[in-house]
Amino acid sequence: MLNLDCPSREVLKRITSRWGVLVLIALSNETLRFSALRRKIGGVSEKMLAQTLQNFEEDGFVDRIAYPVVPPHVEYKLTPLGKEVQEQVEGVALWLEENFHRIIAKRQQQAVS
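Straight run, no breaks: the sequence shown in the UniProt record's numbering ends on number 113.
Set out below in structure tokens:
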């Protein structure tokens, strides 16, 4: 992974992107339609969410379920592989939430110095 030419770097980039992390967390325990997922995450453009979901579908992390109805009805859910990576990402997110105050305190200390 530390090798510049390592192909896993692209997957790492997708997983750890701003929207990638949030999509994995948002889909952790539920299947969501595009609009519901976008509302749950907040602040993501339609374009970026669509791109993130498409990348995750290509990587095997997300299933796109299209129902043959009018108007179109599409839902997204994590695959077993997606659930595995979500659990890893969630660990980092939980650590961040538990330690955010320490990070902010350090930033404030640095700003005063």
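All C-beta atoms, glycine included, are put in the ideal place defined by N, C-alpha and C. Given the structure is predicted, the values throughout are model-derived calculations rather than measurements.
Every unbroken beta strand (DSSP E) within the stretch 12-91, with a cutoff of 3 residues, ordered by chain = 62-67, 73-78
key: Proximity below 7 Å, CB of V85 to CB of I25   = no
Helix, strand or coil at N99 according to DSSP, with G and I counted as helix = helix
inquiry  = Give me the residue from A93, G82, L2 with the minimum Cα distance to R18.
reply    = A93
inquiry  = Which same chain residues end up closer than 7 Å to K83 when comparing Cβ atoms and leaving out the 5 residues on each side of it in sequence?
reply    = none
Neighbour-count burial assignment, V74, 16 or more Cβ in a 10 Å radius = exposed
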